[in-house]
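A.B. asks: So the sequences go chain by chain: A and B. If you want this note's numbering, it's the position in the first sequence, counting the first as 1, plus 43. If you want this note's numbering, it's the position in the second sequence, counting the first as 1, plus 43. Even for Gly, the Cβ is constructed at its ideal location relative to N, Cα and C. One structure, as structure tokens, below. Some questions next.
Protein chains: 2
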Amino acid sequence: MRLPSPMRRRGLAIGIDIGGTKVAAGLVDGDGRVIAEARRSTPGQDPRKVEAVIVDLVRELSAKHHVWSVGIGAAGWMDLAGSTVLFSPHLAWRNEPLRENLERLLRRRVHLVNDADGAAWAEWRFGAGIGQSRMVCVTLGTGIGGAMVMDGRLERGRFGVAGEFGHQIIMPSGQRCECGNRGCWEQYASGNALGREARELAAANSPVAQELIRAVDGDIGAITGAVVTKMALDGDQACIELLEEVGQWLGLGLANLAAALDPGMFVIGGGLSAAGDLLLEPARRSFARNLTGRGFRPAAQLELAALGPAAGMIGAADLSRIAARR
Amino acid sequence: MRLPSPMRRRGLAIGIDIGGTKVAAGLVDGDGRVIAEARRSTPGQDPRKVEAVIVDLVRELSAKHHVWSVGIGAAGWMDLAGSTVLFSPHLAWRNEPLRENLERLLRRRVHLVNDADGAAWAEWRFGAGIGQSRMVCVTLGTGIGGAMVMDGRLERGRFGVAGEFGHQIIMPSGQRCECGNRGCWEQYASGNALGREARELAAANSPVAQELIRAVDGDIGAITGAVVTKMALDGDQACIELLEEVGQWLGLGLANLAAALDPGMFVIGGGLSAAGDLLLEPARRSFARNLTGRGFRPAAQLELAALGPAAGMIGAADLSRIAARR
């Protein structure tokens, strides 16, 4: 394959973040800056329709710019080559040769990226993890996404499905998880876990939950992690306590990961990280308390992600640029 | 530094395995074969006395051979450079510059190796894990030792203390662990855990435990994991069930590691692995049952270690040979 010129290598790439409700695209330069953005609703689960939306977004963003490559990020498992979606939870993709389809349609180099891998890569290249030799990224949303950058490369495991930290079982016979198991970490330390605990508290009609119940006009089913986070930031004591509890579980799971992986830094991103220190401080205390060998070893820092929700598209774009060089 | 000649590179190295009760040394060739062995009792915890024993063992084994380098394996944390023992549980070593001391005494290149790292490296180079791109080694003894070989190198983390898989917390508020935490995996899936469960069963004076109690002449405190393993291999049903239980916990912890690390193979070594299929079959079933995403992903093989107790010294020797080349 012809090697790109240095200029092209530093050129623009498009990163696309396929979510359950929307498809977001960004035109990203070689320094990780998003130059332009566009988005569409996710058109159901039909792979052909999703491909059509991607083509449309790429046409829009590349109208005025030369675009070197396109990175596609989505929840799910991509093969090691970045060619095939093995499985995606929100989309009806099973062993889908998405890369080949899109390269034919777009006439550009395409690379598939797990969304958590994309976000971790972006944080390591341009965000909170710059310069770290061993960085573990944990994305707290509806579940827990995870990825590792070791020695300057994404560590994706033998089959490309490493980083499913949210599914470490920390409570045998515990809460049922969407994955089919019980007691997965993400049932205790995710945005969904926060919402569930808050709804239980409200359903118990505890005196401490009255503000929370009022905030949703008594519609307990409307309480989500985002509602709790916002109320906690506004000073509601019950919501602060709920975040503390989630933070404690977060710290315990991070201590498990530190025992196994010994990173220099954990980067905490995702929607729930909007809680900032209300989440991170209890997590730091619990991490310090649960870390094996504490006092006899150096310990990882816990830091908030720096790039926000754009991390996924920035990382997908940058990884596609690197893959296209090969 | 002068590069060694090809012959020297393939030359002999000594691997030393410092245990709580004995210090074992082996003269190891470039193909991982142990040419000669020697051993001494561990002379207490005084670093100077342990150094003297090491010097004595190296003199004995190098009397008739040219020895290129010496690898020292011990339980504990070594710094990334292989120079300093940060902490060792059985020996009074805290930030001990063991390498410098020994290089002065031995006039040979010395390299310090965590015992689990040494065993994993040996299994990857010469044993059960040959050719694996991502191998995780789990050593079941009094506790659980762990190490990873990824992409042809030991993955030791940012500070060199990765691989403490035995201290992932899988049961908050569970059994107290020597590390100071509660609910660590090694409290459920190690040789010590097997012994403890068997002693509890015997203390309950259950009808199913009568054979076990007879085997130790009623001295319940004398029941160890090794006793249970031997009786299970001889067909005792209660001991087989105890191993099944430990195997189930083993499989659960391995599923957690597979979620995070996605290796192609787990290699199971250590004293408890002498139980063979009586341990491995329940572990495989539990692993398959607890693996997140099962059915939608390829899964790691679980295999027994191939090199036995010599793995530690073979790995230490080989790693010292490689370090001496740098």
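Could you compute how far the alpha carbon of leucine 55/B sits from the alpha carbon of aspartate 361/B?
C.D. replies: Reading the second sequence from its first residue, position 12 is the one you call residue 55/B. Reading the second sequence from its first residue, position 318 is the one you call residue 361/B. Rounded to whole angstroms, leucine 55/B to aspartate 361/B spans 9 Å at the Cα level.
A.B. asks: Beta-carbon separation of histidine 154/B and serine 112/B under 8 Å?
C.D. replies: If you number the second sequence from 1, residue 154/B lands on position 111. If you number the second sequence from 1, residue 112/B lands on position 69. Yes.
A.B. asks: For isoleucine 365/B, which residues in the same chain have their Cβ closer than 7 Å to its Cβ, ignoring the five residues on either side in sequence?
C.D. replies: Within the second sequence, numbered from 1, the residue matching residue 365/B stands at position 322. Same-chain partners within the cutoff: there are none.
A.B. asks: Start and end of the beta strand (DSSP E) containing methionine 191/B?
C.D. replies: Start at 1 with the first residue of the second sequence, and residue 191/B comes out as number 148. Here the beta strand (DSSP E) through methionine 191/B covers 187–193.
A.B. asks: Out of Arg168/A, Ser131/A, Pro341/A and Asp158/A, point me to the one whose CA is closest to aspartate 72/A's CA.
C.D. replies: Taking the first sequence and counting its residues from 1, one reaches residue 72/A at position 29. Comparing Cα-Cα distances from aspartate 72/A to each of Arg168/A, Ser131/A, Pro341/A and Asp158/A, the minimum goes to Arg168/A.
A.B. asks: Run through the stretch 285–322 of chain A for me and flag every whole alpha helix (DSSP H) of 4 or more residues, listed as ranges in chain order.
C.D. replies: none
A.B. asks: On the CB-based measure, 16 or more other CB atoms within 10 Å of its CB, does glycine 296/A come out buried or exposed?
C.D. replies: What you label residue 296/A is simply residue 253 of the first sequence in a count that begins at 1. Glycine 296/A comes out buried.
A.B. asks: Comparing the C-beta of isoleucine 213/B with each C-beta of chain A, is any distance below 8 Å?
C.D. replies: Here residue 213/B is taken as the residue at index 170 of the second sequence, counted from 1. By this cut-off, isoleucine 213/B is an interface position.
A.B. asks: Find out if the Cβ-Cβ distance for the pair glycine 75/A, isoleucine 357/A is shorter than 8 Å.
C.D. replies: Locating residue 75/A in the first sequence gives position 32, counting from the first residue. Locating residue 357/A in the first sequence gives position 314, counting from the first residue. The answer is yes: Cβ separation under 8 Å.
A.B. asks: Looking at the C-beta of valine 204/A, does it have a partner C-beta in chain B at a distance below 8 Å?
C.D. replies: Here the question's residue 204/A lines up with position 161 in the first sequence. Interface residue, yes.
A.B. asks: Would you kindly check if the distance between the Cβ of glycine 355/A and the Cβ of alanine 162/A is under 8 Å?
C.D. replies: As a first step, residue 162/A is located in the first sequence; it is residue number 119 there, counting from the start. As a first step, residue 355/A is located in the first sequence; it is residue number 312 there, counting from the start. Against a cut-off of 8 Å, the Cβ pair of glycine 355/A and alanine 162/A comes out as a contact.
A.B. asks: At 4 residues or longer, and completely inside the stretch 46–95 of chain B: list those alpha helix (DSSP H) runs for me, N to C.
C.D. replies: 49–52
A.B. asks: So methionine 121/B and valine 156/B are in contact, right, with Cβ under 8 Å, and what is the actual spacing, rounded?
C.D. replies: Taking the second sequence and counting its residues from 1, one reaches residue 121/B at position 78. Taking the second sequence and counting its residues from 1, one reaches residue 156/B at position 113. Indeed they touch by this definition, with Cβ atoms about 7 Å apart.
A.B. asks: Whole-angstrom Cβ separation of serine 126/A and arginine 142/A, contact assumed at under 8 Å?
C.D. replies: Mapped onto the first sequence, residue 126/A falls at position 83. Mapped onto the first sequence, residue 142/A falls at position 99. With a beta-carbon spacing of about 4 Å, serine 126/A and arginine 142/A fall inside the 8 Å limit used to define contacts.
A.B. asks: Contact between the stretch 308–324 of chain B and the stretch 182–192 of chain B: three or more CB pairs below 8 Å?
C.D. replies: yes
A.B. asks: Nearest by alpha-carbon distance to asparagine 333/A: which of Leu322/A, Asn299/A, Leu244/A and Arg137/A is it?
C.D. replies: Position 290 of the first sequence, counted from the first residue, corresponds to residue 333/A. Ranking Leu322/A, Asn299/A, Leu244/A and Arg137/A by Cα distance to asparagine 333/A puts Asn299/A first.
A.B. asks: Taking its Cβ as the centre, do 16 or more other Cβ atoms sit within 10 Å of threonine 335/A, making it buried, or is it exposed?
C.D. replies: Locating residue 335/A in the first sequence gives position 292, where the first residue counts as 1. Buried is the call here.
A.B. asks: Closest Cβ-Cβ distance between glycine 336/A and chain B: below 8 Å?
C.D. replies: For the purposes of this step, residue 336/A is taken as residue 293 along the first sequence, with counting starting at 1. It does: the Cβ of glycine 336/A has a partner Cβ on chain B nearer than 8 Å.
A.B. asks: Applying the criterion that 16 or more other CB atoms from any shown protein chain within 10 Å of the CB defines a buried residue, is isoleucine 97/A buried or exposed?
C.D. replies: What you label residue 97/A is simply residue 54 of the first sequence in a count that begins at 1. Taking every protein chain shown into account, the CB of isoleucine 97/A has 16 or more other CB atoms within 10 angstroms, so this residue is buried.
A.B. asks: Would you grab the beta carbon distance between glycine 186/A and glycine 209/A for me? Rounded to a whole angstrom, and I think it's under 8 Å.
C.D. replies: As a position in the first sequence, residue 186/A is number 143, starting the count at 1. As a position in the first sequence, residue 209/A is number 166, starting the count at 1. Yes, glycine 186/A and glycine 209/A are in contact; Cβ-Cβ is about 5 Å, under 8 Å.
A.B. asks: Does the beta carbon of asparagine 157/A sit closer than 8 Å to a beta carbon anywhere in chain B?
C.D. replies: Sequence index remark: in the first sequence, residue 157/A carries index 114 (1-based). Closer than 8 Å: no.
A.B. asks: I want to verify the contact list: residues of chain A whose CB lies under 7 Å from the CB of cysteine 222/B, in sequence order.
C.D. replies: Sequence index remark: in the second sequence, residue 222/B carries index 179 (1-based). Correct list: Thr335 and Gly336.
A.B. asks: Classify asparagine 157/A as helix, strand or coil using the three-state DSSP reduction.
C.D. replies: Counting from one through the first sequence, the residue named residue 157/A turns up at place 114. Here asparagine 157/A sits in strand by DSSP.
A.B. asks: Which residue's Cα is closest to the Cα of alanine 353/B: Gly206/B, Ala232/B and Val77/B?
C.D. replies: Reading the second sequence from its first residue, position 310 is the one you call residue 353/B. Ranking the options by Cα distance to alanine 353/B, first place goes to Val77/B.
A.B. asks: Which residues of chain A have a Cβ atom closer than 7 Å to the Cβ of serine 176/B, listed in chain order?
C.D. replies: Residue numbering aside, residue 176/B sits at position 133 when the second sequence is read from its first letter. Serine 176/B reaches chain A at Arg201, counting residues in chain order whose Cβ is nearer than 7 Å.
A.B. asks: Scan the stretch 126–154 of chain B for residues whose Cβ lies nearer than 9 Å to a Cβ of chain A and list them as they occur along the chain.
C.D. replies: Leu129, Phe130 and Arg137
A.B. asks: Quick check: is the beta carbon of leucine 70/A nearer than 8 Å to any beta carbon in chain B?
C.D. replies: Translated into the one-based positions of the first sequence, residue 70/A becomes position 27. Taking Cβ atoms only, chain B never reaches closer than 8 Å to leucine 70/A, which makes this a no.
A.B. asks: My understanding is that aspartate 99/B touches alanine 135/B, with C-beta atoms under 8 Å, so please give their C-beta distance in whole angstroms.
C.D. replies: Taking the second sequence and counting its residues from 1, one reaches residue 99/B at position 56. Taking the second sequence and counting its residues from 1, one reaches residue 135/B at position 92. Their Cβ separation, rounded to whole angstroms, is 20 Å, which puts aspartate 99/B and alanine 135/B out of contact at 8 Å.
A.B. asks: At a CB-CB cut-off below 7 Å, which residues of chain A make contact with asparagine 299/B?
C.D. replies: As a position in the second sequence, residue 299/B is number 256, starting the count at 1. In chain order: Gln211 and Ile212.
A.B. asks: Between which two residues does the alpha helix (DSSP H) harbouring valine 271/B extend?
C.D. replies: Here the question's residue 271/B lines up with position 228 in the second sequence. That run of the alpha helix (DSSP H) goes 268–276.
A.B. asks: Taking CB distances under 8 Å as the criterion, tell me whether proline 341/A reaches chain B.
C.D. replies: As a position in the first sequence, residue 341/A is number 298, starting the count at 1. True, the Cβ-Cβ gap to chain B drops below 8 Å.
A.B. asks: Going by beta-carbon coordinates alone, are alanine 348/B and valine 310/B separated by less than 8 Å?
C.D. replies: Numbered from its first residue, the second sequence carries residue 348/B at position 305. Numbered from its first residue, the second sequence carries residue 310/B at position 267. Cβ atoms of alanine 348/B and valine 310/B: closer than 8 Å.
A.B. asks: Look up alanine 360/A in the DSSP assignment and say whether it is helix, strand or coil.
C.D. replies: Here residue 360/A refers to the residue found at position 317 when the first sequence is read from its first residue. Note: alanine 360/A maps to helix in three-state DSSP.
A.B. asks: If you count every other CB in all the chains shown that lies within 10 Å of the CB of serine 363/A, and 16 or more means buried, which is it?
C.D. replies: Here residue 363/A refers to the residue found at position 320 when the first sequence is read from its first residue. Buried: at least 16 other Cβ atoms inside 10 Å.
A.B. asks: Is isoleucine 57/B closer than 8 Å to valine 101/B when the C-beta atoms are compared?
C.D. replies: Numbered from its first residue, the second sequence carries residue 101/B at position 58. Numbered from its first residue, the second sequence carries residue 57/B at position 14. Yes, they are a contact pair.
A.B. asks: Could you give the DSSP three-state label for alanine 353/B: helix, strand or coil?
C.D. replies: Here residue 353/B corresponds to residue number 310 of the second sequence, with the count starting at 1. Alanine 353/B: helix per DSSP, three-state reduction.
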